[in-house]
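Working notes, beginning with the structure itself.
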Amino acid sequence: MARVHTLFSAVSAGTELLAYKGAMPSDIPADATFAHAAAAFVYPSTVGYCNVGRVEEVGPPTGAMGAVSPGAGATGGGVDSTGVAGDPGHASVSVGDLVFAFQPHVYTYTAPVTDLQRLPPGVSPVHATMLPTVETALSLLMDGAPLLGDVIAVVGQGTVGLLTAAVCRLAYPLCPLLTVEAEPHRRAASAAWVRPTGAVGTPAEALVAAAGRRADVVIEVTGAGGGLDAAVELAADSGRVVLGSWYGAGPLVLRGLGGRFHRSHVTLVASQVSSLPATLDGRWSKGRRLGLAWAVLGRLDWTGFAVETAYVADAPRVYERLAMGGGVVGQVVLAYPPGVGQ
């Protein structure tokens, strides 16, 4: 077991905002993979999964070393939790090590050392909080399975969309890449950081950018029915649309399924990072994919990627602004001042 003091934890503007808005489905856990997310996910709650901290104490494999201390004002009451064992190469930790864990928004926590991932050399603690998002991007691309030369489109340029597009650009340099985003500030961020073939606002503009060719693979991460409509409109006949959004418990109005889609033979694929596609299950494991996520995270050029940092005590205002739209581009990260919350 090890006790870790949190330095930074990233906010999931998708899952966590569903809870904030009261739109989480009541019949399934926030994430069946993590023990701390197995309970109903309602606001306020500390539930998160993007935690980077410093090891303060390493003890025997069993026995309590102290309770979790929740982040004041973060998303409420403390929980002790375990995550998912990742790359075994990061399992051995010592006092002072910087580590990543699938842990919630808390000041301190105790966990088995096998749940901790030592940060690779050269990876900053802030960028390491985005490991789950990079793994999500890999999961979406594995479900999309682009072929060499395929036109790929990513609809939605929030945090997940930006990182998915950036990973796509890194992994498929010979594939034309389109990013579609209705909000001008996010579209500008995509154009500047991802540098796709075209960063556009509508499917019609995407077709122009791709010289009239529809996308072979479309990844939809807007969280809205309009985004799914746009993704279907963009997809080529016999193409694939990967649904990375969690739409929540609210009603979903779809208009794009009533026209061309009926005869298009487009495949809709539900994608979620908690599990692997059945086609890869025999060759890949979650540990292998997480190791790849570390490698990709270290190779991304983070210059120009916007990170907004706020003290954890200001979390209520952060969530309120995110829920209102707030103009946030990139990733919001909560910081935990030394000596607070001990």
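Just so we're aligned: the sequence shown equals residues 4 to 345 in our numbering.
Ideal placement from N, C-alpha and C gives every residue a C-beta, glycine not left out.
In this text, all values refer to a predicted model and were calculated from it rather than measured experimentally.
Which of helix, strand or coil DSSP assigns to residue i
i    : result
E186 : coil
A338 : strand
Y175 : coil
D100 : coil
L231 : helix
L119 : coil
T205 : coil
V315 : helix
R216 : coil
V7   : strand
S15  : coil
V221 : strand
G79  : For G79, the predicted structure reports a pLDDT of 36, less than 50, and the residue's modelled location is therefore unreliable. A value from the coordinates is still provided. Correct three-state label for G79: coil.
V87  : Its pLDDT being 37, under 50, V87 is placed unreliably in this model, and the value from its coordinates should be taken loosely. Looking at V87 - three-state DSSP - the assignment turns out to be coil, as it is neither helix nor strand.
CB of residue i within 9 Å of CB of residue j, strictly
i    : j    : result
L325 : V336 : no
D219 : D146 : no
E184 : G164 : yes
R121 : V102 : yes
G2   : V14  : Missing from the structure shown is residue 2; the chain here goes from 4 to 345 and no further.
L180 : A156 : yes
L144 : V126 : no
L210 : C178 : no
G328 : P123 : no
G201 : A213 : yes
T282 : A168 : no
First through last residue of the beta strand (DSSP E) which encompasses residue i
i    : result
L325 : Per DSSP, L325 belongs to no beta strand (DSSP E); it is in the alpha helix (DSSP H), 318-326.
R57  : 54-61
Residue i: first and last residue of the uninterrupted alpha helix (DSSP H) it sits in
i    : result
Y110 : Where Y110 is concerned, there is no enclosing alpha helix (DSSP H), although the beta strand (DSSP E) it sits in stretches over 109-114.
A22  : 18-23
Distance between beta carbons of residue j and residue i, contact taken as under 8 Å
i    : j    : result
T132 : S12  : 6 Å
W297 : T18  : With 8 Å as the limit, W297 and T18 do not qualify as a contact, their Cβ atoms being about 22 Å apart.
L346 : R217 : No answer is possible for residue 346: the residues shown for the chain start at 4 and end at 345.
V197 : R243 : Not a contact, Cβ separation roughly 21 Å.
L173 : L21  : At roughly 29 Å, the Cβ-Cβ gap does not stay under 8 Å, so L173 and L21 are not in contact.
Q160 : A192 : 7 Å
V299 : G333 : In fact, because the Cβ distance is near 17 Å, the residues do not count as touching under 8 Å.
T182 : P199 : 5 Å
T113 : Y339 : The pair is not a contact, with the Cβ atoms about 16 Å apart (cut-off 8 Å).
V116 : S95  : 7 Å
V203 : V235 : No, V203 and V235 are not in contact; Cβ-Cβ is about 16 Å, not under 8 Å.
V58  : A5   : 5 Å
D232 : R263 : Actually they are not in contact, since the Cβ atoms of D232 and R263 sit about 11 Å apart, beyond 8 Å.
V221 : V158 : 6 Å
4 or more residues per run - each alpha helix (DSSP H) lying fully within the segment 240-311: 289-302
For the segment 122-167, which segments carrying the alpha helix (DSSP H) assignment without a break, of at least 4 residues, lie completely within its bounds, in sequence order? Within the segment 122-167, the complete alpha helix (DSSP H) runs of at least 4 residues are 128-131, 134-147.
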